[in-house]
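Worksheet: the structure to be examined is printed underneath.
Residue numbers (this note's numbering): 422 to 868.
Okay, structure coming up:
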(Lines of atoms letter the chains of each structure in order from A; the text may use other names.)
(Lines give C-alpha, C1' and ligand atoms only; values in the text may rest on other atoms or scores of the structure.)
Protein backbone atom coordinates (compact mmCIF):
# COMPACT_ATOMS: atom_id res chain seq x y z
CA UNK A 422 0.00 0.00 0.00
CA UNK A 423 1.43 3.33 -1.05
CA UNK A 424 0.60 6.98 -0.66
CA UNK A 425 2.61 8.15 -3.63
CA UNK A 426 1.63 10.53 -6.38
CA UNK A 427 -1.77 8.97 -6.87
CA UNK A 428 -3.18 11.32 -4.28
CA UNK A 429 -1.08 14.32 -5.19
CA UNK A 430 -3.42 16.33 -7.35
CA UNK A 431 -7.01 17.31 -6.76
CA UNK A 432 -9.25 16.77 -9.69
CA UNK A 433 -12.24 18.91 -10.42
CA UNK A 434 -13.80 20.83 -7.57
CA UNK A 435 -17.56 20.42 -7.68
CA UNK A 436 -19.68 22.99 -5.90
CA UNK A 437 -21.79 20.50 -3.95
CA UNK A 438 -21.18 17.46 -1.79
CA UNK A 439 -21.13 13.98 -3.28
CA UNK A 440 -22.95 10.96 -1.93
CA UNK A 441 -19.61 9.54 -0.88
CA UNK A 442 -18.97 12.61 1.26
CA UNK A 443 -22.38 12.34 2.91
CA UNK A 444 -21.86 8.63 3.58
CA UNK A 445 -18.41 9.36 5.04
CA UNK A 446 -19.91 11.89 7.47
CA UNK A 447 -22.64 9.40 8.36
CA UNK A 448 -19.99 6.81 9.21
CA UNK A 449 -18.17 9.39 11.35
CA UNK A 450 -21.35 10.25 13.26
CA UNK A 451 -22.24 6.59 13.84
CA UNK A 452 -18.74 5.85 15.14
CA UNK A 453 -18.94 8.80 17.53
CA UNK A 454 -22.52 8.23 18.70
CA UNK A 455 -22.97 4.44 18.64
CA UNK A 456 -21.39 4.10 22.08
CA UNK A 457 -23.90 6.56 23.54
CA UNK A 458 -26.78 4.48 22.16
CA UNK A 459 -25.27 1.28 23.54
CA UNK A 460 -24.58 2.58 27.03
CA UNK A 461 -27.58 4.88 27.60
CA UNK A 462 -30.35 3.37 25.47
CA UNK A 463 -29.88 -0.32 24.70
CA UNK A 464 -26.80 -2.52 24.61
CA UNK A 465 -28.62 -4.68 22.07
CA UNK A 466 -28.13 -1.88 19.52
CA UNK A 467 -24.50 -2.96 18.99
CA UNK A 468 -25.03 -5.21 15.98
CA UNK A 469 -27.68 -3.06 14.17
CA UNK A 470 -25.47 0.04 14.46
CA UNK A 471 -22.44 -1.92 13.35
CA UNK A 472 -24.34 -3.26 10.34
CA UNK A 473 -25.48 0.24 9.37
CA UNK A 474 -21.93 1.56 9.62
CA UNK A 475 -20.45 -1.28 7.60
CA UNK A 476 -23.09 -0.96 4.88
CA UNK A 477 -22.26 2.73 4.56
CA UNK A 478 -18.55 1.88 4.32
CA UNK A 479 -19.30 -0.68 1.59
CA UNK A 480 -21.44 1.93 -0.20
CA UNK A 481 -18.50 4.38 -0.26
CA UNK A 482 -16.27 1.68 -1.76
CA UNK A 483 -18.93 0.80 -4.36
CA UNK A 484 -19.46 4.49 -5.17
CA UNK A 485 -15.74 5.01 -5.78
CA UNK A 486 -15.62 1.90 -7.97
CA UNK A 487 -18.70 2.85 -9.98
CA UNK A 488 -17.50 6.41 -10.60
CA UNK A 489 -14.03 5.28 -11.59
CA UNK A 490 -12.26 7.36 -8.94
CA UNK A 491 -10.88 4.31 -7.18
CA UNK A 492 -9.55 2.77 -10.39
CA UNK A 493 -7.59 5.94 -11.10
CA UNK A 494 -5.64 5.48 -7.86
CA UNK A 495 -3.82 2.34 -9.03
CA UNK A 496 -0.69 3.20 -7.09
CA UNK A 497 -2.71 2.53 -3.94
CA UNK A 498 -5.42 0.10 -5.01
CA UNK A 499 -3.25 -2.48 -6.79
CA UNK A 500 -0.99 -3.19 -3.77
CA UNK A 501 -4.07 -3.12 -1.55
CA UNK A 502 -5.80 -5.67 -3.79
CA UNK A 503 -2.77 -7.98 -3.61
CA UNK A 504 -2.71 -7.62 0.18
CA UNK A 505 -6.44 -8.37 0.37
CA UNK A 506 -6.03 -11.57 -1.64
CA UNK A 507 -3.15 -12.62 0.61
CA UNK A 508 -5.21 -12.05 3.78
CA UNK A 509 -8.17 -13.98 2.36
CA UNK A 510 -5.93 -16.89 1.31
CA UNK A 511 -4.24 -16.99 4.73
CA UNK A 512 -7.60 -16.88 6.48
CA UNK A 513 -8.82 -19.82 4.38
CA UNK A 514 -5.64 -21.72 5.24
CA UNK A 515 -6.31 -21.13 8.95
CA UNK A 516 -9.84 -22.41 8.38
CA UNK A 517 -8.62 -25.56 6.65
CA UNK A 518 -6.14 -26.46 9.40
CA UNK A 519 -8.75 -25.90 12.10
CA UNK A 520 -7.39 -22.68 13.58
CA UNK A 521 -10.47 -20.64 12.70
CA UNK A 522 -14.20 -20.84 12.01
CA UNK A 523 -16.22 -19.27 9.18
CA UNK A 524 -17.71 -16.69 11.55
CA UNK A 525 -14.36 -15.67 13.01
CA UNK A 526 -12.86 -15.49 9.51
CA UNK A 527 -15.59 -13.14 8.27
CA UNK A 528 -15.08 -10.95 11.32
CA UNK A 529 -11.34 -11.01 10.72
CA UNK A 530 -11.68 -9.96 7.08
CA UNK A 531 -13.83 -7.07 8.24
CA UNK A 532 -11.27 -5.92 10.79
CA UNK A 533 -8.20 -6.45 8.61
CA UNK A 534 -9.54 -5.10 5.30
CA UNK A 535 -12.91 -3.34 5.16
CA UNK A 536 -12.08 0.03 6.69
CA UNK A 537 -8.72 0.27 4.95
CA UNK A 538 -10.62 0.03 1.67
CA UNK A 539 -13.17 2.49 3.05
CA UNK A 540 -10.50 5.07 3.90
CA UNK A 541 -8.83 4.76 0.50
CA UNK A 542 -12.15 4.88 -1.37
CA UNK A 543 -13.39 7.88 0.61
CA UNK A 544 -10.21 9.82 -0.09
CA UNK A 545 -10.46 8.97 -3.80
CA UNK A 546 -14.14 9.94 -4.15
CA UNK A 547 -14.54 12.98 -1.86
CA UNK A 548 -14.26 16.47 -3.33
CA UNK A 549 -13.24 19.66 -1.52
CA UNK A 550 -16.81 20.37 -0.41
CA UNK A 551 -16.97 16.89 1.16
CA UNK A 552 -13.59 17.36 2.82
CA UNK A 553 -14.52 20.75 4.26
CA UNK A 554 -17.88 19.48 5.51
CA UNK A 555 -16.23 16.46 7.17
CA UNK A 556 -13.76 18.73 8.96
CA UNK A 557 -16.59 20.95 10.17
CA UNK A 558 -18.68 18.04 11.44
CA UNK A 559 -15.64 16.71 13.30
CA UNK A 560 -14.99 20.15 14.80
CA UNK A 561 -18.56 20.53 15.99
CA UNK A 562 -18.54 17.04 17.47
CA UNK A 563 -15.61 18.04 19.69
CA UNK A 564 -17.25 21.31 20.71
CA UNK A 565 -20.33 19.37 21.81
CA UNK A 566 -18.36 16.52 23.38
CA UNK A 567 -16.21 18.73 25.65
CA UNK A 568 -19.04 19.83 28.01
CA UNK A 569 -20.15 16.20 28.28
CA UNK A 570 -16.64 15.13 29.27
CA UNK A 571 -16.43 17.87 31.90
CA UNK A 572 -19.80 16.84 33.32
CA UNK A 573 -18.66 13.20 33.48
CA UNK A 574 -15.44 14.20 35.23
CA UNK A 575 -17.22 16.12 37.97
CA UNK A 576 -20.05 13.56 38.40
CA UNK A 577 -19.76 10.58 40.75
CA UNK A 578 -19.14 7.10 39.30
CA UNK A 579 -22.72 6.06 39.99
CA UNK A 580 -24.26 8.98 38.11
CA UNK A 581 -26.44 8.10 35.12
CA UNK A 582 -24.06 9.91 32.77
CA UNK A 583 -21.19 7.64 33.84
CA UNK A 584 -23.01 4.31 33.87
CA UNK A 585 -24.41 1.92 31.31
CA UNK A 586 -27.88 0.43 31.11
CA UNK A 587 -26.64 -3.12 31.71
CA UNK A 588 -23.83 -2.50 34.20
CA UNK A 589 -23.33 -1.30 37.75
CA UNK A 590 -21.08 1.26 39.41
CA UNK A 591 -18.30 -1.29 39.88
CA UNK A 592 -17.81 -1.54 36.11
CA UNK A 593 -16.95 2.17 35.72
CA UNK A 594 -13.26 2.87 35.07
CA UNK A 595 -11.74 5.26 37.61
CA UNK A 596 -8.69 7.52 37.56
CA UNK A 597 -8.58 7.47 41.34
CA UNK A 598 -11.26 6.82 43.91
CA UNK A 599 -14.55 8.58 43.04
CA UNK A 600 -13.17 10.19 39.86
CA UNK A 601 -14.07 8.54 36.56
CA UNK A 602 -12.08 8.21 33.37
CA UNK A 603 -14.28 10.08 30.96
CA UNK A 604 -15.70 8.28 27.96
CA UNK A 605 -17.65 11.05 26.22
CA UNK A 606 -20.20 9.40 23.95
CA UNK A 607 -18.10 6.23 23.71
CA UNK A 608 -18.85 3.12 25.73
CA UNK A 609 -15.22 2.50 26.62
CA UNK A 610 -12.39 4.80 27.70
CA UNK A 611 -10.14 3.70 24.82
CA UNK A 612 -12.70 4.94 22.32
CA UNK A 613 -12.64 8.44 23.77
CA UNK A 614 -8.82 8.48 23.87
CA UNK A 615 -8.64 7.38 20.23
CA UNK A 616 -11.20 9.99 19.20
CA UNK A 617 -9.21 12.78 20.86
CA UNK A 618 -6.07 11.60 19.07
CA UNK A 619 -7.90 11.77 15.74
CA UNK A 620 -9.19 15.25 16.55
CA UNK A 621 -5.77 16.69 17.48
CA UNK A 622 -4.47 17.47 13.96
CA UNK A 623 -7.93 18.59 12.82
CA UNK A 624 -7.99 21.12 15.64
CA UNK A 625 -4.63 22.48 14.55
CA UNK A 626 -5.83 22.60 10.94
CA UNK A 627 -8.54 25.02 12.06
CA UNK A 628 -6.11 27.02 14.21
CA UNK A 629 -3.72 27.43 11.28
CA UNK A 630 -6.41 28.17 8.69
CA UNK A 631 -6.88 31.63 7.25
CA UNK A 632 -9.77 33.26 9.05
CA UNK A 633 -11.40 36.62 9.53
CA UNK A 634 -11.44 38.36 12.93
CA UNK A 635 -14.61 37.80 14.88
CA UNK A 636 -16.67 34.63 14.78
CA UNK A 637 -14.13 32.55 12.87
CA UNK A 638 -11.34 33.41 15.30
CA UNK A 639 -13.61 32.72 18.28
CA UNK A 640 -14.63 29.39 16.76
CA UNK A 641 -10.99 28.35 16.40
CA UNK A 642 -10.22 29.42 19.99
CA UNK A 643 -13.25 27.54 21.31
CA UNK A 644 -12.21 24.42 19.42
CA UNK A 645 -8.69 24.59 20.87
CA UNK A 646 -10.13 25.08 24.35
CA UNK A 647 -12.47 22.11 23.88
CA UNK A 648 -9.55 19.90 22.88
CA UNK A 649 -7.37 20.96 25.81
CA UNK A 650 -10.16 20.61 28.37
CA UNK A 651 -11.30 17.22 27.02
CA UNK A 652 -7.73 15.95 27.24
CA UNK A 653 -7.11 17.30 30.75
CA UNK A 654 -10.26 15.74 32.23
CA UNK A 655 -9.91 12.47 30.32
CA UNK A 656 -7.90 10.73 33.02
CA UNK A 657 -5.97 8.93 30.29
CA UNK A 658 -2.19 9.03 30.53
CA UNK A 659 -1.87 8.40 26.80
CA UNK A 660 -4.23 11.24 25.95
CA UNK A 661 -2.55 13.72 28.28
CA UNK A 662 0.94 12.95 26.97
CA UNK A 663 -0.07 12.88 23.31
CA UNK A 664 -2.14 16.06 23.54
CA UNK A 665 0.67 17.91 25.27
CA UNK A 666 3.20 16.80 22.67
CA UNK A 667 0.87 17.76 19.82
CA UNK A 668 0.26 21.26 21.24
CA UNK A 669 3.99 21.86 21.63
CA UNK A 670 4.69 20.45 18.17
CA UNK A 671 2.05 22.70 16.64
CA UNK A 672 3.44 25.85 18.27
CA UNK A 673 7.00 25.01 17.19
CA UNK A 674 6.02 23.97 13.65
CA UNK A 675 3.82 27.05 13.22
CA UNK A 676 6.74 29.35 14.00
CA UNK A 677 9.28 27.33 12.03
CA UNK A 678 7.28 26.79 8.85
CA UNK A 679 5.65 30.22 8.48
CA UNK A 680 7.46 32.62 6.18
CA UNK A 681 7.23 36.23 5.08
CA UNK A 682 4.32 38.40 6.15
CA UNK A 683 2.64 35.52 7.89
CA UNK A 684 5.40 35.27 10.51
CA UNK A 685 3.98 38.12 12.60
CA UNK A 686 0.52 36.55 12.60
CA UNK A 687 2.03 33.20 13.55
CA UNK A 688 3.87 34.72 16.51
CA UNK A 689 0.72 36.47 17.70
CA UNK A 690 -1.29 33.26 17.28
CA UNK A 691 1.22 31.19 19.24
CA UNK A 692 1.37 33.71 22.07
CA UNK A 693 -2.43 33.85 22.23
CA UNK A 694 -2.54 30.05 22.22
CA UNK A 695 -0.04 29.80 25.07
CA UNK A 696 -2.00 32.33 27.13
CA UNK A 697 -5.27 30.47 26.53
CA UNK A 698 -3.57 27.20 27.40
CA UNK A 699 -2.25 28.66 30.66
CA UNK A 700 -5.72 29.90 31.63
CA UNK A 701 -7.31 26.53 30.90
CA UNK A 702 -4.67 24.57 32.80
CA UNK A 703 -5.12 26.87 35.80
CA UNK A 704 -8.90 26.55 35.66
CA UNK A 705 -8.66 22.74 35.61
CA UNK A 706 -5.70 22.40 37.96
CA UNK A 707 -7.73 19.95 40.08
CA UNK A 708 -7.99 17.56 37.12
CA UNK A 709 -4.26 17.93 36.52
CA UNK A 710 -3.51 17.02 40.13
CA UNK A 711 -5.70 13.92 39.80
CA UNK A 712 -3.89 12.90 36.61
CA UNK A 713 -0.53 13.37 38.34
CA UNK A 714 -1.70 11.01 41.07
CA UNK A 715 -2.71 8.52 38.39
CA UNK A 716 0.79 8.71 36.88
CA UNK A 717 2.33 8.05 40.29
CA UNK A 718 0.12 5.02 40.92
CA UNK A 719 0.80 3.62 37.45
CA UNK A 720 4.57 4.01 37.87
CA UNK A 721 4.40 1.58 40.81
CA UNK A 722 3.06 -1.12 38.47
CA UNK A 723 5.09 -0.49 35.30
CA UNK A 724 7.67 2.02 34.13
CA UNK A 725 6.86 4.65 31.53
CA UNK A 726 9.36 3.24 29.02
CA UNK A 727 8.16 -0.27 29.71
CA UNK A 728 4.65 0.79 28.77
CA UNK A 729 5.92 2.46 25.59
CA UNK A 730 7.78 -0.72 24.66
CA UNK A 731 4.65 -2.81 25.22
CA UNK A 732 2.45 -0.54 23.11
CA UNK A 733 4.78 -0.33 20.11
CA UNK A 734 6.59 -3.69 20.21
CA UNK A 735 4.08 -5.91 21.94
CA UNK A 736 3.54 -7.97 25.06
CA UNK A 737 5.73 -10.93 25.90
CA UNK A 738 2.76 -13.24 25.33
CA UNK A 739 2.94 -12.45 21.61
CA UNK A 740 6.40 -13.96 21.38
CA UNK A 741 5.88 -16.75 23.91
CA UNK A 742 2.67 -18.04 22.28
CA UNK A 743 3.47 -17.19 18.66
CA UNK A 744 2.70 -19.81 15.99
CA UNK A 745 3.50 -19.51 12.30
CA UNK A 746 -0.13 -20.04 11.24
CA UNK A 747 -1.69 -17.84 13.94
CA UNK A 748 -4.76 -18.46 16.07
CA UNK A 749 -7.23 -17.09 13.54
CA UNK A 750 -7.65 -13.73 11.86
CA UNK A 751 -10.36 -11.90 13.82
CA UNK A 752 -10.18 -14.02 16.97
CA UNK A 753 -8.73 -11.18 19.08
CA UNK A 754 -11.47 -8.68 18.27
CA UNK A 755 -14.13 -7.68 20.75
CA UNK A 756 -16.76 -8.41 18.08
CA UNK A 757 -15.59 -12.03 17.93
CA UNK A 758 -15.68 -12.19 21.72
CA UNK A 759 -19.20 -10.74 21.69
CA UNK A 760 -20.40 -13.25 19.10
CA UNK A 761 -18.75 -16.19 20.86
CA UNK A 762 -19.44 -15.31 24.51
CA UNK A 763 -21.88 -12.40 24.58
CA UNK A 764 -19.30 -10.23 26.35
CA UNK A 765 -16.66 -7.73 25.22
CA UNK A 766 -14.99 -7.33 28.58
CA UNK A 767 -12.11 -9.77 28.00
CA UNK A 768 -9.11 -9.49 25.65
CA UNK A 769 -9.19 -12.83 23.80
CA UNK A 770 -5.52 -12.89 22.75
CA UNK A 771 -3.70 -9.74 23.83
CA UNK A 772 -4.34 -6.21 24.99
CA UNK A 773 -2.21 -4.21 22.53
CA UNK A 774 -2.44 -4.08 18.74
CA UNK A 775 1.12 -5.17 18.00
CA UNK A 776 0.65 -8.42 19.92
CA UNK A 777 -2.84 -9.09 18.63
CA UNK A 778 -1.73 -8.87 14.98
CA UNK A 779 1.03 -11.44 15.51
CA UNK A 780 -1.13 -13.85 17.49
CA UNK A 781 -4.06 -13.67 15.07
CA UNK A 782 -2.10 -13.82 11.84
CA UNK A 783 1.14 -15.61 12.63
CA UNK A 784 3.63 -14.96 9.83
CA UNK A 785 1.21 -12.72 7.96
CA UNK A 786 1.09 -10.55 11.07
CA UNK A 787 4.74 -9.65 10.48
CA UNK A 788 3.90 -8.82 6.87
CA UNK A 789 1.04 -6.57 8.04
CA UNK A 790 3.38 -4.74 10.41
CA UNK A 791 5.99 -4.30 7.67
CA UNK A 792 3.35 -2.86 5.30
CA UNK A 793 2.24 -0.39 7.96
CA UNK A 794 5.83 0.77 8.47
CA UNK A 795 6.23 1.21 4.72
CA UNK A 796 3.06 3.31 4.48
CA UNK A 797 4.26 5.45 7.39
CA UNK A 798 7.67 6.09 5.81
CA UNK A 799 6.15 7.16 2.48
CA UNK A 800 3.33 9.16 4.06
CA UNK A 801 5.46 11.05 6.57
CA UNK A 802 8.04 11.93 3.95
CA UNK A 803 5.40 13.24 1.59
CA UNK A 804 3.58 15.09 4.39
CA UNK A 805 6.81 16.81 5.46
CA UNK A 806 7.43 18.01 1.91
CA UNK A 807 3.86 19.27 1.69
CA UNK A 808 4.16 21.10 5.03
CA UNK A 809 7.30 22.88 3.82
CA UNK A 810 5.70 23.76 0.49
CA UNK A 811 2.49 25.11 2.06
CA UNK A 812 4.24 26.54 5.17
CA UNK A 813 1.65 24.66 7.21
CA UNK A 814 2.03 22.35 10.19
CA UNK A 815 -1.18 20.46 9.41
CA UNK A 816 0.10 17.78 6.95
CA UNK A 817 3.01 16.61 9.10
CA UNK A 818 1.00 16.70 12.34
CA UNK A 819 -1.79 14.79 10.62
CA UNK A 820 0.60 12.09 9.48
CA UNK A 821 2.19 11.91 12.92
CA UNK A 822 -1.21 10.77 14.18
CA UNK A 823 -1.81 8.51 11.16
CA UNK A 824 1.51 6.83 11.99
CA UNK A 825 0.54 6.42 15.63
CA UNK A 826 -2.86 5.08 14.58
CA UNK A 827 -1.42 2.47 12.23
CA UNK A 828 1.01 1.19 14.85
CA UNK A 829 -0.90 1.39 18.12
CA UNK A 830 -4.67 1.86 17.76
CA UNK A 831 -6.63 -1.31 18.51
CA UNK A 832 -7.98 -1.33 14.97
CA UNK A 833 -8.30 -5.11 14.64
CA UNK A 834 -9.60 -5.44 18.19
CA UNK A 835 -12.07 -2.71 19.10
CA UNK A 836 -15.07 -1.53 17.11
CA UNK A 837 -14.64 2.20 17.71
CA UNK A 838 -10.88 2.22 17.10
CA UNK A 839 -11.39 0.24 13.92
CA UNK A 840 -13.85 2.77 12.51
CA UNK A 841 -11.74 5.71 13.64
CA UNK A 842 -8.69 4.27 11.86
CA UNK A 843 -10.60 4.17 8.58
CA UNK A 844 -11.61 7.80 9.08
CA UNK A 845 -8.07 8.76 10.06
CA UNK A 846 -6.63 7.08 6.97
CA UNK A 847 -9.11 8.97 4.78
CA UNK A 848 -8.10 12.31 6.32
CA UNK A 849 -4.45 11.37 5.85
CA UNK A 850 -4.94 10.75 2.13
CA UNK A 851 -7.29 13.69 1.60
CA UNK A 852 -4.55 16.12 2.64
CA UNK A 853 -2.58 14.99 -0.43
CA UNK A 854 -5.54 15.10 -2.77
CA UNK A 855 -6.88 18.47 -1.59
CA UNK A 856 -3.83 20.16 -0.02
CA UNK A 857 -5.12 23.72 -0.28
CA UNK A 858 -8.70 23.28 0.95
CA UNK A 859 -9.88 26.19 3.12
CA UNK A 860 -11.75 25.42 6.33
CA UNK A 861 -13.13 28.97 6.25
CA UNK A 862 -13.76 29.69 2.55
CA UNK A 863 -13.52 33.35 1.43
CA UNK A 864 -16.73 35.36 1.19
CA UNK A 865 -16.61 35.30 -2.60
CA UNK A 866 -16.30 31.46 -2.73
CA UNK A 867 -19.32 29.53 -3.90
CA UNK A 868 -18.03 26.11 -2.86
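All C-beta atoms in this analysis are idealised placements derived from N, C-alpha and C, irrespective of residue type, glycine included.
Range covered by the alpha helix (DSSP H) that runs through residue i
{"i": "residue 596", "result": "Taken as a continuous stretch (DSSP letters only), residue 596 belongs to no alpha helix (DSSP H), being part of the beta strand (DSSP E) at 595-597."}
{"i": "residue 820", "result": "815-829"}
{"i": "residue 568", "result": "549-575"}
{"i": "residue 667", "result": "658-678"}
{"i": "residue 500", "result": "495-517"}
{"i": "residue 478", "result": "467-488"}
{"i": "residue 370", "result": "Nothing about residue 370 can be reported from this structure: the residues present for the chain run from 422 to 868 only."}
{"i": "residue 805", "result": "784-811"}
{"i": "residue 714", "result": "706-720"}
{"i": "residue 727", "result": "725-734"}
{"i": "residue 639", "result": "636-653"}
{"i": "residue 607", "result": "Here residue 607 belongs to no alpha helix (DSSP H), and DSSP marks it neither H nor E."}
{"i": "residue 582", "result": "Note, residue 582: premise wrong, no alpha helix (DSSP H); not H, not E."}
{"i": "residue 631", "result": "Looking at the DSSP string, residue 631 is not in any alpha helix (DSSP H), and its letter there is neither H nor E."}
{"i": "residue 737", "result": "737-741"}
{"i": "residue 522", "result": "From DSSP, residue 522 is part of no alpha helix (DSSP H); its letter is neither H nor E."}
{"i": "residue 852", "result": "836-854"}
Residues that residue i bridges to, as DSSP identifies them
{"i": "residue 624", "result": "Partner(s): none; residue 624 has no beta bridge."}
{"i": "residue 601", "result": "595"}
Pair within 9 Å by beta-carbon distance, residue i and residue j
{"i": "residue 858", "j": "residue 484", "result": "no"}
{"i": "residue 618", "j": "residue 569", "result": "no"}
{"i": "residue 690", "j": "residue 675", "result": "yes"}
{"i": "residue 707", "j": "residue 672", "result": "no"}
{"i": "residue 560", "j": "residue 650", "result": "no"}
{"i": "residue 794", "j": "residue 816", "result": "no"}
{"i": "residue 527", "j": "residue 513", "result": "no"}
{"i": "residue 567", "j": "residue 510", "result": "no"}
{"i": "residue 481", "j": "residue 546", "result": "yes"}
{"i": "residue 516", "j": "residue 643", "result": "no"}
{"i": "residue 797", "j": "residue 833", "result": "no"}
{"i": "residue 666", "j": "residue 645", "result": "no"}
{"i": "residue 449", "j": "residue 626", "result": "no"}
{"i": "residue 613", "j": "residue 660", "result": "yes"}
{"i": "residue 622", "j": "residue 819", "result": "yes"}
{"i": "residue 585", "j": "residue 608", "result": "yes"}
{"i": "residue 550", "j": "residue 437", "result": "yes"}
{"i": "residue 800", "j": "residue 831", "result": "no"}
{"i": "residue 702", "j": "residue 709", "result": "yes"}
{"i": "residue 751", "j": "residue 521", "result": "yes"}
{"i": "residue 723", "j": "residue 731", "result": "yes"}
{"i": "residue 571", "j": "residue 446", "result": "no"}
{"i": "residue 916", "j": "residue 451", "result": "Given a span of 422 to 868 for the chain in the structure shown, any question on residue 916 remains unanswerable."}
{"i": "residue 678", "j": "residue 803", "result": "no"}
{"i": "residue 789", "j": "residue 533", "result": "yes"}
{"i": "residue 615", "j": "residue 757", "result": "no"}
{"i": "residue 862", "j": "residue 811", "result": "no"}
{"i": "residue 544", "j": "residue 442", "result": "no"}
{"i": "residue 670", "j": "residue 821", "result": "yes"}
{"i": "residue 850", "j": "residue 497", "result": "yes"}
Touch check for the stretch 651-662 and the stretch 590-605: three-plus C-beta pairs under 8 Å? yes
Counting Cβ pairs closer than 8 Å, one from the stretch 529-543 and one from the stretch 843-850, do we hit at least three? With a cut-off of 8 Å on Cβ pairs, the stretch 529-543 is in contact with the stretch 843-850, counting three or more such pairs.
Report yes or no: do the stretch 501-516 and the stretch 471-487 share at least 3 C-beta pairs separated by less than 8 Å? no
Unbroken beta strand (DSSP E) runs of length 3 or more, entirely within the stretch 437-466: which are they? none
Three or more beta-carbon pairs under 8 Å between the stretch 773-791 and the stretch 743-754, yes or no? yes
Segment contact, 8 Å Cβ cut-off, at least three pairs: the stretch 441-461 with the stretch 829-843: yes
Three or more C-beta pairs under 8 Å: does that hold for the stretch 769-780 against the stretch 721-741? yes
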